[in-house]
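Asker: These protein sequence lines map, in sequence, to chains A and B. Here the first sequence is numbered in our numbering, starting from 1 and rising by one per residue. Here the second sequence is numbered in our numbering, starting from 342 and rising by one per residue. Just so it is clear, CB atoms sit at the ideal spot from N, CA and C, and this is done for glycine as well.
Protein chains: 2
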Amino acid sequence: MWWEGGAVGYIDQRLLPHRFESATASTVTQVAEAITGMAVRGAPTIGVMAAYGIALATTTGESLSDAYDTLLSTRPTAVNLKVGLDTVMAAGPDVGDKPDAAAILGAARMHDNSEVTAARDIGRHGAKLLAHGSRVLTHCNAGWMAAQDWGTATSPIYTGAREGMNPFVWVSETRPRLQGARITAWEMVNEGIDHRLIADSAGAQLMRQRKVDIVITGADRIAANGDTANKIGTYSHALAARANGIPFYIATPLTTFDTDTPDGESIPIEERDEDEMVFVEGLTDTGEIQRVRVAPLETKVVNPAFDVTPATLITGFITEVGVIPATPDAIADVFRHPIRW
Amino acid sequence: MWWEGGAVGYIDQRLLPHRFESATASTVTQVAEAITGMAVRGAPTIGVMAAYGIALATTTGESLSDAYDTLLSTRPTAVNLKVGLDTVMAAGPDVGDKPDAAAILGAARMHDNSEVTAARDIGRHGAKLLAHGSRVLTHCNAGWMAAQDWGTATSPIYTGAREGMNPFVWVSETRPRLQGARITAWEMVNEGIDHRLIADSAGAQLMRQRKVDIVITGADRIAANGDTANKIGTYSHALAARANGIPFYIATPLTTFDTDTPDGESIPIEERDEDEMVFVEGLTDTGEIQRVRVAPLETKVVNPAFDVTPATLITGFITEVGVIPATPDAIADVFRHPIRW
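This is how it looks when you write it as structure tokens:
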């Protein structure tokens, strides 16, 4: 997303791959709705969006602390949201009895740029884990739309492609919202990267058949012990990778680590509306975006948006400072001495 | 399905849960198309359907061996198809230079009844594995529609419910064709069994949270060593069950064992059309059944219909003769001495 004429512009990801449309949020409520409704999604991206949301509050005269609370409550699992908000709230000090609008917008822009740089550097470190023609399995969308310019899980792939490594990508469709089928596949088409779409549950079978060389996903929150919350289905891929001796990496900026959360059990898991499961939205043969119901009216749904992959299943974290082992000591060390990495 | 007036009647499962409609196949080609197009599906059911298909050939005057070849080639993975066909082809002998139509129809009916009885007995044995209020996770549809009257994986659930055990069912939606969301959920509604629909990839998370007591699925082919082909996604559930210490059972009639196939690597895995992944069919808000596209036009798909769960992950096979350990010796023993079990 971007700051433009005192408002926040964004791409409405709900319409992809069928339509590429941008929209504008002019109030904090509109920013919050874009995040809650998942028009804007992806852990780093919603952190940046929330930061711009605070900048917006300075122009509309809304209370910054109300804006902070509203934006923080939009999605409970991804910690990047809080990092983005805290970063801009620390800007200032107030000018008279008003927040320093210029300082806050500057902080939001710096946070935005910093996440872009982190995503690029994730690619630089992650590409070293690929060989020529590596077959990468990824889940959900941790690409352009989730982290601007490079993505997180996709950044090693895009970097590898630019270096002539010719990577191949298995795109796990990612029920229920199909971020893989809709967004990652669309990104792969646009980047010209050879890929195949698969059902989420086909990943394990492909790993058993030795058709996957490496699994890379993003993350929404990483606890101090390395347990990682990410899109529902990540844990299944991690189990299959472990059972078949395939390396499983999480690609993520340091903003996704939450060293205040001791372990995966302590990460709040967002439960989303059952309509996400019961209805599937797509393009009709006549070119309209429409939803269809796939389950009986009487059937109820449990729809956890995320799962927790235990640190023991994670080969490492690909971050902007390098590849970090998934151990409490290594994580603590990075946050003590980020420069050494 | 059923034999009626010299034709094969069946329920068109593609329309469930939105419409409950029966249809009629009057030629072998129509029977084959119903199986290939998955209007009729489920390992035991397609075996019975194919048996009636041969009976149909005796009335239409089609060559029985051509009918056999046509029907056998409809679906490569489920061995029940071959068992059903071989059972009726063994009926006879020919009357003059013609097959004995009455004997063949009789054999088809016996095979049908035998599968119904097996499904009932699977329930009798399987219900002993449930406790009061057991939370059962099942995948795909191994219910009424897959095996008449009782189903296979559902039979212990239905038997347990009749015995007042009040089972609860996690219904894994089963991408890409959504047999769980469309058919199993519909069966649960009709049986009055408390259930929740989940994304396939949510099963592992629920197991990690100790919200699943037992996993029961059907099977399409079981090799001599116990490796089991079943709907894509079964292997993922088995891995998650093992990682979390949850028993994982396959409920299946003996007709699903193929002792001529040594192991899972030797089971042919059907690859189905990419449209199954790219389009999702359902009911529009105005009550029409329509398909919507969910992926970019340029994106290609890999769509294996089945996966193989290694015997080492299977707690046991719930069959009509009892619960069999997933070992080559136990399987061989059952086929040497079925009566002892």
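Roughly how far, in whole angstroms, is the beta-carbon of G383/B from the beta-carbon of A483/B, given that I think they are within contact range, below 8 Å?
Answerer: As a first step, residue 383/B is located in the second sequence; it is residue number 42 there, counting from the start. As a first step, residue 483/B is located in the second sequence; it is residue number 142 there, counting from the start. Confirmed, about 7 Å.
Asker: Write down the C-beta distance between R208/A and N244/A rounded to the nearest angstrom, noting that I regard them as a contact closer than 8 Å.
Answerer: Residue mapping note: residue 208/A aligns to position 208 of the first sequence, counting from 1. Residue mapping note: residue 244/A aligns to position 244 of the first sequence, counting from 1. About 6 Å; that satisfies the 8 Å criterion.
Asker: Three or more C-beta pairs closer than 8 Å, one from the region 647-654 of chain B and one from the region 574-589 of chain B: is that the case here?
Answerer: Yes, the region 647-654 of chain B touches the region 574-589 of chain B.
Asker: According to the Cβ coordinates, are V215/A and I198/A closer than 8 Å?
Answerer: Residue 215/A sits at position 215 when you count from the first residue of the first sequence. Residue 198/A sits at position 198 when you count from the first residue of the first sequence. Against a cut-off of 8 Å, the Cβ pair of I198/A and V215/A comes out as no contact.
Asker: Check the Cβ of G388/B against every Cβ in chain A and list those closer than 9 Å, keeping chain order.
Answerer: By one-based count along the second sequence, residue 388/B stands at place 47. None at all; the shortest Cβ gap to chain A is about 24 Å.
Asker: Please confirm if the region 364-380 of chain B is in contact with the region 503-517 of chain B, defined as three or more CB-CB distances below 8 Å between the two stretches.
Answerer: At 8 Å Cβ cutoff, the stretches do not touch.
Asker: Using a 10 Å radius around the Cβ and a threshold of 16 neighbouring Cβ atoms, would you call L239/A buried or exposed?
Answerer: For this step, residue 239/A is matched to residue 239 along the first sequence. When all chains shown are included, L239/A counts as buried.
Asker: Counting only runs of 4+ residues fully inside the region 597-652 of chain B, write out the alpha helix (DSSP H) ranges in chain order.
Answerer: You should have 616-619.
Asker: Under 8 Å between beta-carbons, which chain B residues line up against A199/A? List them in chain order, please.
Answerer: Numbered from 1 along the first sequence, position 199 holds the residue referred to as residue 199/A. Neighbours of A199/A on chain B, chain order: R516, P517, D541, I573, G574, M618 and N644.
Asker: So what's R562/B in DSSP terms, helix, strand or just coil?
Answerer: For the purposes of this step, residue 562/B is identified with residue 221 of the second sequence, where counting begins at 1. Strand.
Asker: Alpha carbon to alpha carbon, what distance is there between N80/A and S414/B?
Answerer: Position 73 of the second sequence, counted from the start, is the residue given in the question as residue 414/B. Position 80 of the first sequence, counted from the start, is the residue given in the question as residue 80/A. So the two alpha carbons sit approximately 53 Å from each other.
Asker: Residues bridged to F168/A by DSSP?
Answerer: Numbered from 1 along the first sequence, position 168 holds the residue referred to as residue 168/A. According to DSSP, which records beta bridges pairwise, F168/A is partnered with R135/A.
Asker: D12/A CB to nearest chain B CB: under 8 Å?
Answerer: Here residue 12/A refers to the residue found at position 12 when the first sequence is read from its first residue. False, the Cβ-Cβ gap to chain B never drops below 8 Å.
Asker: If the cut is a Cβ gap below 7 Å, which residues of chain B does Q30/A touch?
Answerer: Numbered from 1 along the first sequence, position 30 holds the residue referred to as residue 30/A. Correct list: empty, because the minimum Cβ distance to chain B is about 26 Å.
Asker: Three or more beta-carbon pairs under 8 Å between the region 180-187 of chain A and the region 218-228 of chain A, yes or no?
Answerer: Touching, no, given that fewer than three Cβ pairs across the two stretches are closer than 8 Å.
Asker: Take L137/A and list the residues in its own chain whose beta-carbon comes closer than 6 Å to its own, dropping the five residues that flank it on each side.
Answerer: Your numbering for residue 137/A matches position 137 in the first sequence. For L137/A, where only same-chain residues beyond five positions count, the Cβ hits under 6 Å are W170, G203, V212 and V215.
Asker: Which same chain residues end up closer than 7 Å to S455/B when comparing Cβ atoms and leaving out the 5 residues on each side of it in sequence?
Answerer: Taking the second sequence and counting its residues from 1, one reaches residue 455/B at position 114. Counting only Cβ-Cβ distances below 7 Å, and skipping sequence neighbours, we find nothing.
Asker: Just checking, does the region 632-646 of chain B make contact with the region 611-621 of chain B on the three C-beta pairs under 8 Å criterion?
Answerer: With a cut-off of 8 Å, the region 611-621 of chain B and the region 632-646 of chain B count as touching, because enough Cβ pairs lie within range.
Asker: Whole alpha helix (DSSP H) runs in the region 76-129 of chain A with 4 or more residues, listed along the chain?
Answerer: Listed in chain order, they are 80-89 and 101-126.
Asker: I'd like to know whether the C-beta of H195/A is nearer than 8 Å to at least one C-beta of chain B.
Answerer: Numbered from 1 along the first sequence, position 195 holds the residue referred to as residue 195/A. It does: the Cβ of H195/A has a partner Cβ on chain B nearer than 8 Å.
Asker: Could you tell me whether any Cβ in chain B is nearer than 8 Å to the Cβ of V346/A?
Answerer: Coverage of chain A is limited to positions 1 through 341, which leaves residue 346/A absent and any answer about it impossible.
Asker: Just list the residues that DSSP pairs K211/A with in beta bridges.
Answerer: What you label residue 211/A is simply residue 211 of the first sequence in a count that begins at 1. Bridge partners of K211/A: none, in fact.
Asker: CA-CA distance, Q205/A and E617/B?
Answerer: Counted from its first residue, the first sequence places residue 205/A at position 205. Counted from its first residue, the second sequence places residue 617/B at position 276. Between Q205/A and E617/B, the C-alpha separation is close to 18 Å.
Asker: Can you check which of these residues, T152/A, W150/A, E33/A and T315/A, is closest to R14/A by C-alpha distance?
Answerer: Against the first sequence, residue 14/A aligns to sequence position 14. Measuring from the Cα of R14/A, the nearest candidate turns out to be E33/A.
Asker: Can you give the Cα-Cα distance for T152/A and Y409/B, rounded to whole angstroms?
Answerer: Counting from 1 along the first sequence, the entry for residue 152/A is found at position 152. Counting from 1 along the second sequence, the entry for residue 409/B is found at position 68. Computed Cα separation, rounded: 53 Å.
Asker: Is any beta-carbon of chain A found at less than 8 Å from that of Q631/B?
Answerer: Position 290 of the second sequence, counted from the start, is the residue given in the question as residue 631/B. Taking Cβ atoms only, chain A reaches closer than 8 Å to Q631/B, which makes this a yes.
Asker: If you draw a straight line from the C-alpha of A419/B to the C-alpha of I376/B, how long is it?
Answerer: To locate residue 419/B, count along the second sequence from 1; it is residue 78. To locate residue 376/B, count along the second sequence from 1; it is residue 35. Taking the straight line joining both Cα atoms gives about 12 Å.
Asker: Compute the Euclidean distance between the alpha carbons of V457/B and W491/B, then round it to the nearest angstrom.
Answerer: Counting from 1 along the second sequence, the entry for residue 457/B is found at position 116. Counting from 1 along the second sequence, the entry for residue 491/B is found at position 150. C-alpha separation (whole angstroms): 7 Å.
Asker: Report the CB separation of R574/B from S201/A in whole angstroms; it is logged as a contact under 8 Å.
Answerer: On the second sequence, residue 574/B is found 233 positions in, with the first residue counted as 1. On the first sequence, residue 201/A is found 201 positions in, with the first residue counted as 1. According to the sequence provided, residue 574/B is Gly. The question's Arg does not apply to it. Confirmed, about 3 Å.
Asker: Taking the C-alpha atoms as reference points, what is the distance between W144/A and M390/B?
Answerer: For the purposes of this step, residue 144/A is taken as the residue at position 144 of the first sequence. For the purposes of this step, residue 390/B is taken as the residue at position 49 of the second sequence. Using only the alpha carbons, I get a separation of about 49 Å.
Asker: How is the beta strand (DSSP E) around F676/B delimited, first residue to last?
Answerer: One-based indexing of the second sequence puts residue 676/B at position 335. It is not in any beta strand (DSSP E) - F676/B instead sits in the alpha helix (DSSP H) that spans P669 to R677.
Asker: Is R677/B buried or exposed, if buried means 16 or more other CB atoms sit within 10 Å of its CB?
Answerer: Translated into positions along the second sequence, residue 677/B becomes position 336. Exposed, because fewer than 16 other Cβ atoms sit within 10 Å of the Cβ of R677/B.
Asker: Going by DSSP, which residues form a beta bridge with H195/A?
Answerer: Here residue 195/A corresponds to residue number 195 of the first sequence, with the count starting at 1. Answer is V169/A, bridged to H195/A.
Asker: For E320/A and A224/A, I'd like the C-alpha separation in whole angstroms.
Answerer: Position 320 of the first sequence holds residue 320/A. Position 224 of the first sequence holds residue 224/A. Near 18 Å, if we compare the C-alpha coordinates of A224/A and E320/A.
Asker: Please report the straight-line C-alpha distance between L405/B and A398/B, rounded to a whole angstrom.
Answerer: Working through the second sequence from its first residue, we reach residue 405/B at position 64. Working through the second sequence from its first residue, we reach residue 398/B at position 57. One C-alpha to the other measures close to 6 Å.
Asker: Figure out for me which residue from L178/A, V292/A, V31/A and G287/A has the closest Cα to the Cα of D626/B.
Answerer: Here residue 626/B corresponds to residue number 285 of the second sequence, with the count starting at 1. When each option's Cα is compared against that of D626/B, the closest is V292/A.
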